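Novice:
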Amino acid sequence: MPESLEQLLQRVTQQQDQIAQARPLPEATLRSLLDDFLIRFAHDTTALEGNTLTLHETQVVLEHGITIGGKTLREHLEVTNVAKAWEALNAWVRSAEPLTEELLIHLHRLTMAGILPEEAGHYRTVPVFIRGSQHVPPNPLRVPKAMEDFVQKFAHRPPGMHPIVFAAHAHIQLAAIHPFIDGNGRVSRLLVNGLLLREGYPPASYPATSRAEYLATLERAQVTQDRDPFVRVTAEAVDWMQQRYLLAIRHTNSMPPIQDLDSD
């Protein structure tokens, strides 16, 4: 029988307990995990929006600052902007500051810098329609109040709600409000990770290879209010990263002890 959503969340919770018990990982190991994640996240989150840089090309751009022939300036900016927004997100995670509209606006400003110079960091003032979606975002006049309500709702996780469910619901609702002209998906996926990291969970990247499932389950959540399929997609993304952590833990635990140089 396929794993139910409840079983998946239970397994992910148990894996999280294993990771917590094994902390701290060696600093170099943790840094390599997170450096690798950022490359994957920058690739996946922009590829979901049509960026054609490959994973390897994304790595070259981020690590070496080299432009890729045949790729547009916008595609390069998209991945470098995500990296800058990721730094800002992690600064918020480490702080004691609550979720605010200012944070989301700042993430949007960083994400869309040089791409939408006039709209970056500003709520939309015109109606928008999402290509291929039945969901119609609210009238722009309602966006400020919708965002005020949003940050109040997601400032604190309700007792008993699983952190992954909470993060997934935040993504669904922010994307449904669609407060910006463009870049809503990228800001929503950044927010998912901010909420996960604050709960001690590893970050998660929705893989570009599962774009159809990601979009279909997000659409279903917004149109029919059936959120469980999107929660599952989110939990599977967390599970993938947890497996990386668990592998690092196994490798760390299997290492022989460092030889005592004075033992001879």
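Numbering (the UniProt record's numbering), first residue to last: 1 to 264.
C-beta atoms are modelled at their ideal positions from N, C-alpha and C, and glycine is treated no differently.
As the structure is a computational prediction, the values presented were derived from the model and not from experiment.
Between the Cα of residue 144 and the Cα atoms of 28, 13, 243 and 124, which residue gives the shortest distance?
Specialist: For residue 144, the nearest C-alpha among the options comes from 124.
Novice: Could you check the C-alpha separation between residue 221 and residue 254 for me, to the nearest Å?
Specialist: Distance between the alpha carbons of residue 221 and residue 254 is about 43 Å.
Novice: With a CB to CB cut of under 8 Å and the five nearest residues on each side skipped, what residues in its chain are close to residue 173?
Specialist: Closer than 8 Å at the Cβ level, and outside the excluded window around residue 173, lie 150, 153 and 154.
Novice: Decide if residue 89 is buried, meaning its Cβ has at least 16 other Cβ atoms within 10 Å, or exposed.
Specialist: It counts as buried.
Novice: Counting C-beta neighbours from all protein chains within 10 Å, is the total for residue 1 16 or more, i.e. buried, or is it exposed?
Specialist: So residue 1 ends up on the exposed side.
Novice: Exposed or buried, residue 78, counting other C-beta atoms within 10 Å across all chains shown (16 or more means buried)?
Specialist: Buried, because 16 or more other Cβ atoms sit within 10 Å of the Cβ of residue 78.
Novice: First and last residue of the alpha helix (DSSP H) that includes residue 241?
Specialist: Residue 241 -> alpha helix (DSSP H) spans 228 to 253.
Novice: So the candidates are 6, 14 and 34; which of them puts its Cα closest to the Cα of residue 197?
Specialist: Looking at the Cα atoms, 34 is the closest of the given residues.
Novice: Under a Cβ-count criterion, where at least 16 other Cβ atoms within 10 Å of its own Cβ denotes burial, should residue 188 be classed as buried or exposed?
Specialist: Under this definition residue 188 is a buried residue.
Novice: Going along the chain, which residues of its own chain have a beta-carbon closer than 6 Å to the beta-carbon of residue 18, five neighbours each way excluded?
Specialist: Excluding positions up to five away in sequence, the list is empty.
Novice: Around the Cβ of residue 263, are there at least 16 other Cβ atoms within 10 angstroms (buried) or fewer (exposed)?
Specialist: Low per-residue confidence applies at residue 263: pLDDT is 45, beneath 50, and the placement is therefore not dependable enough to give any value.
Novice: Whose C-alpha, out of 249, 50, 42 and 205, is nearest the C-alpha of residue 60?
Specialist: Out of 249, 50, 42 and 205, 42 has the C-alpha closest to the C-alpha of residue 60.
Novice: Would you tell me roughly how many angstroms separate the C-alpha atoms of residue 245 and residue 139, rounded to the nearest one?
Specialist: Those two C-alpha atoms are separated by around 43 Å.
Novice: Rounded to the nearest angstrom, what separates residue 121 and residue 73 at their Cα positions?
Specialist: The alpha-carbon atoms of residue 121 and residue 73 are separated by roughly 20 Å.
Novice: Contact check, residue 112 vs residue 182 under 8 Å by CB: the rounded distance?
Specialist: Residue 112 to residue 182, Cβ: 7 Å. Contact.
Novice: Can you give me the start and stop residues for the alpha helix (DSSP H) that residue 198 sits inside?
Specialist: Looking at the DSSP string, the run of the alpha helix (DSSP H) that includes residue 198 is 184 to 198.
Novice: What three-state label does DSSP hand residue 90 in the structure shown?
Specialist: In the structure shown, residue 90 sits in a helix (DSSP, three-state: H, G or I).
Novice: What is the DSSP secondary structure of residue 154, reduced to helix, strand or coil?
Specialist: Reduced to three states, the DSSP call for residue 154 is coil.
Novice: Flag this pair as yes or no: are the beta carbons of residue 218 and residue 175 separated by less than 8 Å?
Specialist: In contact: residue 218 and residue 175 (Cβ atoms closer than 8 Å).
Novice: Of the residues 205, 225 and 105, which one's Cα is nearest the Cα of residue 134?
Specialist: Closest option to residue 134, Cα to Cα, is 225.
Novice: Rounded to whole angstroms, what is the Cα-Cα separation between residue 45 and residue 247?
Specialist: Their backbone Cα atoms lie some 24 Å apart in a straight line.
Novice: Residues in the same chain with beta-carbon distance under 7 Å from residue 201, minus the five sequence neighbours each way, listed in chain order, please.
Specialist: Excluding positions up to five away in sequence, the list reads 16, 163 and 238.
Novice: Helix or strand or just coil, what does DSSP make of residue 125?
Specialist: Coil.
Novice: In whole angstroms, what is the alpha-carbon distance linking residue 207 and residue 148?
Specialist: Distance between the alpha carbons of residue 207 and residue 148 is about 30 Å.
Novice: Excluding five sequence neighbours on each side, which residues of the same chain lie with their C-beta closer than 8 Å to the C-beta of residue 249?
Specialist: Contacts found: 18, 19, 22 and 25.
Novice: So is residue 142 buried or exposed if we call it buried at 16+ other beta carbons inside 10 Å?
Specialist: Burial call: exposed.
Novice: From residue 51 to residue 58, what does the alpha carbon distance come to, in whole angstroms?
Specialist: Computed Cα separation, rounded: 10 Å.
Novice: Let me know if residue 63 comes out buried or exposed under the rule of 16 or more other beta-carbons within 10 Å of its beta-carbon.
Specialist: When all chains shown are included, residue 63 counts as exposed.
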